[in-house]
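Colleague: In numbering that gives the first Met the number 0, the protein residues as written are 0 to 207. Virtual Cβ for every residue (Gly too), placed ideally from N, Cα, C. I am attaching a structure below and will ask some questions about it afterwards.
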Amino acid sequence: MRKLQSTLVAGLLVVLPVGITLYLVAATHGWLTTVFATLHRRLVLKDPADSIWPLLPFVGLSFLVLLTYLVGLAVRTFIGRRLLLWSEWAIATVPLLRDLYSATKQIAGTLLGEHAADFSRVALVQYPETGGYVLGFVASHVGRQVLPDQDLTALLLPTTPLPHTGWVAFVPTTNVHRLDISAEDAVKILVSGGLVLPKEQKSQDSGP
């Protein structure tokens, strides 16, 4: 029962921040579209052919992108950073909202930050036993953050034939064998169950 509960909590910590973020983006886009639609009805041109109604969703989306860019510019200033710190402090006082914001911020930082994981580096690691290898994608070099006495690398180990599922493994960096193939070729190998190999690999391997 505890395992089920902990698994559900772990899932919620991922699903809720992403879902709420996407919902807020969609809701904001919908609200902006409604606002521009109202303005359009009040300022509609006499000639229906001049109507911009079909363009309203794009106008709302463009405004949302512009607003996001302006916020990005603002937080680069001293006053903007102070306002951001104050906002984060206010959010930190609300328990549930604090956890959701923290998770969303961490996920966004991982995907969009300066050291974002793009999973474009392909590697082999020994699994499940010595002599056997599994294909994976390098997520990040974690160093000694997990284990003080070992230098580790985090890898995403996808499953076959559905590579969008899998698990994360922390492997000693010395045991990570980088492959000179693209992520696209790696996905082809996974989806085909090893039947489709990169051309270079095929020419080097004379076995079955």
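May I ask you to report which of helix, strand or coil DSSP gives Pro147?
Modeller: coil
Colleague: What's the gap between the Cα of Val70 and the Cα of Thr164?
Modeller: 34 Å
Colleague: Kindly confirm or deny that the region 178-195 and the region 148-164 touch, where touching means at least three C-beta pairs closer than 8 Å.
Modeller: With contact defined as three or more Cβ pairs closer than 8 Å, the region 178-195 and the region 148-164 are in contact.
Colleague: Answer with buried or exposed for Gly135, where buried requires no fewer than 16 other C-beta atoms within 10 angstroms of its C-beta.
Modeller: buried
Colleague: Pick helix, strand or coil for Leu196, following the three-state DSSP scheme.
Modeller: coil
Colleague: Please work out which residues of its chain come closer than 8 Å, Cβ to Cβ, to Pro171, disregarding the five sequence neighbours upstream and downstream, and give them in chain order.
Modeller: Gln149, Asp150, Leu151 and Thr152
Colleague: What is the rounded straight-line gap between the Cα of Val145 and the Cα of His176?
Modeller: 20 Å
Colleague: Given that a residue counts as buried once 16 or more other Cβ atoms are within 10 Å of its Cβ, and exposed if not, what is Arg120?
Modeller: buried
Colleague: With distances taken Cα to Cα, identify the nearest neighbour of Tyr126 among Asp179, Thr27 and Val167.
Modeller: Considering only alpha carbons, the answer is Val167.
Colleague: Cutting at 6 Å between CB atoms, please list the residues of its own chain near Val141, excluding the five before and the five after it.
Modeller: For Val141, where only same-chain residues beyond five positions count, the Cβ hits under 6 Å are Leu151 and Ala153.
Colleague: If you draw a straight line from the alpha carbon of Pro47 to that of Leu65, how long is it in whole angstroms?
Modeller: Confidence in Pro47 is poor, its pLDDT being 48 and thus under 50, which makes the residue's placement unreliable; the coordinate value appears in the next sentence. Roughly 28 Å separates the two Cα atoms.
Colleague: Whose C-alpha, out of Ala91, Ala122, Phe169 and Pro162, is nearest the C-alpha of Ser191?
Modeller: Pro162
Colleague: Would you mind working out which of Thr33, Ala26, Leu196 and Pro94 sits nearest Ile180, comparing C-alpha positions?
Modeller: Leu196
Colleague: What residues are listed by DSSP as bridge partners for Gly71?
Modeller: Looking at the DSSP assignment, Gly71 forms no beta bridge with any residue, so it has no partner.
Colleague: Only counting the same chain, and skipping five residues up and downstream in sequence, which positions put a Cβ closer than 6 Å to that of Tyr243?
Modeller: Residue coverage of the chain in this structure runs from 0 to 207, which leaves residue 243 outside it and unanswerable.
Colleague: Within 10 Å of its beta-carbon, does Val93 have 16 or more other beta-carbons around it, so buried, or fewer, so exposed?
Modeller: exposed
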